[in-house]
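Undergrad: Structure provided below as structure tokens; questions to follow.
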Amino acid sequence: AQNPCPCGNLLSLKKECRCNELEINRYKNRLSEPFLDRIDIFVTMNEVSSEDIADVNSKMLHKKVLQAFIMQKERGQNNLNGKLSDEELSKYCCMNDEAQKTLQQAVQSLSLSFRATNKVLKVARTLADLSLCEPIQKEHILEALSYRKR
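Numbering (this note's numbering), first residue to last: 2 to 151.
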């Protein structure tokens, strides 16, 4: 987790950010690209209201995660998706043609490294499992790409 700026208030609806643009840019650039390449998911978190929390059904979320876990085990995986080796990735991350094409285009247009491509595949495999979908679909690749560093 990282704050959006040195004071932490850049995205706040209640508090005013005290940082100037130079401080914010310096703060965002302090982590190296190779380090950031090792992070699977980047998500901007906004302040949460009590109404937002009430909409989350933890029993339903638990059931979906459990179903995804069972899919992984039934597929014969010894490791969870996030821990798959390169060899296991090619074995367990089957994609339809459209998903394969989308990933190839993303690798070229975004200049994704080998490591970043594998991270996208692992996240896409998990998204497909949460959707109870065996082959990874284009929408899973696109969603996984949306979680990459911007």
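The beta carbon of each residue, even a glycine, is placed where N, CA and C say it ideally should be. Note that the coordinates shown come from a computational prediction; the quantities given were computed from them, not determined experimentally.
1. Could you give the distance in angstroms between the alpha-carbon of residue 16 and the alpha-carbon of residue 128?
2. Between the segment 123-138 and the segment 93-101, do at least 3 Cβ pairs fall closer than 8 Å?
3. Among 145, 95, 27 and 130, which has the Cα closest to the Cα of residue 66?
4. Kindly give me the distance between the Cβ atoms of residue 149 and residue 121, rounded to whole angstroms, as I take these residues to be in contact under 8 Å.
5. Note down the Cα distance separating residue 70 from residue 60, rounded to an integer number of angstroms.
6. Do you know offhand how far residue 68's Cα is from residue 58's?
7. Please report the Cβ distance between residue 145 and residue 117, rounded to the nearest whole angstrom; I am assuming they are in contact, meaning their Cβ atoms lie under 8 Å.
TA: Inspection of the coordinates gives the following:
1. 34 Å
2. yes
3. 130
4. 7 Å
5. 15 Å
6. 16 Å
7. Wrong, their Cβ atoms sit about 11 Å apart, outside the cutoff.
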